[in-house]
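Reviewing the structure listed below.
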Amino acid sequence: MRDFRDAKVMAQTLRESLTTRTVTITHSESLELVSRMLGIADWNTLSALLEVDRRPAAGRAAVSPAGRERTDAGRYPAVPIRDFVPFPMAVFPLFIGREKTKAALHTAFKTGREVVLAIQKDAGIVEPGPQDVHEIGLLGQLVELEQNEDGSLRIVVEGRRRVAIRRFVADMDSYQADVEDAGEGPVVEATELVQSTLERFERYAAANDIRMPKGWPSPEHARDPGRIADVIAMHVALPLKDRQGLLATLDPVARLQHVHDLLGSPSIPMSPAFEATRRRAMASATQRNHRYATLEHLLLALIDDADASAVLRACNADLAALKVDLLGFLGSERENLFVEPGTEARPSPAFRRVGHRAQLNVRELRRAAVTGANVLVGMFPETRSPAAQLLDKQGVSAGQAADVVAHSGGTSA
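Counting from 5, one number per residue, gives the positions in the sequence shown under the working numbering.
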């Protein structure tokens, strides 16, 4: 197999073969099945591994402006990121709009596809300087790059390892960074702490409908407390400062201990009003024989949620028009959504992500429970979703909604 396109052909062949036997699966499901057939946890990981493997060995080393091959230490194209803290070994998408960042990415694709992910201290800063990024960042490998119709870029990055940013260069046409190895040290045994943390995470995952790859952690990972900590950190809803704190904790055992303590903190409950709203969203998807409860099902339910509808009205949204648009969207026939009647719908990944953001919003505001208003705020980062686009059509912005929620009262009864 040469690259991810071959894997996609395999997935298409599998799908067509099953269709002839009256077994229907979606394109995304076929990709996941091919990944598991090859012993890989998911499609994102498989495509990343194939992309890395097909590059010639000589192309994996970046070249400095002077033409000298460099080692792991040195200057790399840099990507300052906001509202997100990545971890090693994860594969994740990023949306890029800043011109200097786009220039850095194009440079990376011409060299070794390696970039430094520099986490901003303040997400509101449009043109970050050396003082605006944290010292500990992440060296990543570019897997995919796509240009969107609006000129922005969508990239997929595989996190590699922590690096110490010694100099962040912002006074050039593209962002660059001089880095050194962060020096995490050797893997040490912490069997009891690993076991206790895994038990806590299993309870957390069950409560938040998080599906981990079958067989995780592998025996190799179970002996690496730092790796366990990083994987869990990517799945747990945490404030950015806590996530950056974990990224900056170089001692693997200390990092796992921090994760263990965070998992032991009291969970934030849903308000009774939002519990009812969530049930309506799930029931709406099930009644339509949809495979997943999506953000559109959730937003439709939030129109009748007292907390969320109050925020929408404060932002001058036309709730009747929004409801018509959502019903029209959900009523359109989309083959990939339908399942056999009576099958319970499952929350989509975006549905779960919004729930995690709502918990973060509640923590930041120091409120008692998650309401529909917090969930509404959590929708706006899903900019590619029809739900977020319909909110934009109503003139409702993330800043408006967050401001209303921050100055509103607490939990509905």
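Just so it is clear, CB atoms sit at the ideal spot from N, CA and C, and this is done for glycine as well.
DSSP beta-bridge partners of residue i
i: methionine 274; result: Val374
i: valine 137; result: Gln124
i: leucine 364; result: In DSSP, leucine 364 forms no bridge with anything.
i: arginine 350; result: Tyr296
i: leucine 142; result: Leu121 and Arg166
Collapsed DSSP secondary structure at residue i in the structure displayed
i: proline 132; result: coil
i: leucine 267; result: helix
i: valine 147; result: strand
i: tyrosine 179; result: coil
i: arginine 207; result: helix
i: valine 315; result: helix
i: alanine 66; result: Summary for alanine 66: the model assigns pLDDT 37, below 50, so the residue's position carries little reliability; its value from the coordinates is reported in the next sentence. Reduced to three states, the DSSP call for alanine 66 is coil.
i: glutamate 196; result: helix
i: methionine 216; result: coil
i: histidine 225; result: helix
i: histidine 262; result: helix
i: leucine 242; result: coil
i: valine 381; result: helix
i: serine 336; result: coil
i: histidine 411; result: coil
i: glutamate 153; result: coil
i: aspartate 329; result: helix
i: valine 358; result: helix
i: alanine 405; result: helix
i: arginine 58; result: Legend: pLDDT at arginine 58 = 42, less than 50; position of this residue unreliable, no value from coordinates given.
Extent of the continuous beta strand (DSSP E) to which residue i belongs
i: aspartate 255; result: Premise fails: aspartate 255 is in no beta strand (DSSP E) and is neither H nor E.
Residue span of the alpha helix (DSSP H) that contains residue i, given as start and end
i: phenylalanine 172; result: Segment 157-173 is the beta strand (DSSP E) holding phenylalanine 172; no alpha helix (DSSP H) there.
i: alanine 321; result: Segment: none, alanine 321 is in no alpha helix (DSSP H) and carries neither H nor E.
i: glutamine 398; result: Run containing glutamine 398: none; DSSP gives neither H nor E here.
i: arginine 388; result: No alpha helix (DSSP H) contains arginine 388, which DSSP labels as neither H nor E.
i: glycine 187; result: Note, glycine 187: premise wrong, no alpha helix (DSSP H); not H, not E.
i: proline 229; result: 229-237
Presumed contact (8 Å Cβ cut-off) between residue i and residue j, rounded CB distance
i: leucine 157; j: leucine 149; result: 6 Å
i: tyrosine 208; j: valine 83; result: Actually they do not touch by this definition, with Cβ atoms about 30 Å apart.
i: valine 167; j: valine 183; result: 4 Å
i: valine 257; j: leucine 197; result: 7 Å
i: glycine 163; j: alanine 94; result: 5 Å
i: alanine 321; j: glutamine 398; result: 4 Å
i: isoleucine 232; j: histidine 225; result: 6 Å
i: leucine 364; j: alanine 287; result: Not quite, the Cβ-Cβ distance comes to about 26 Å (not below 8 Å), so this is no contact.
i: glutamate 188; j: leucine 254; result: 5 Å
Check: residue i C-beta below 7 Å from any heavy atom of the ligand ATP
i: leucine 121; result: Looking for the ligand ATP in the displayed structure turns up nothing, as the structure carries no ligands at all.
Residue-chain proximity (residue i, chain B), Cβ-Cβ < 8 Å
i: histidine 411; result: Included in the structure is just one protein chain, with no chain B present.
>> Going residue by residue through the segment 73-123, where are the continuous alpha helix (DSSP H) segments of at least 4 residues, counting only ones entirely within it?
In response: 103-114
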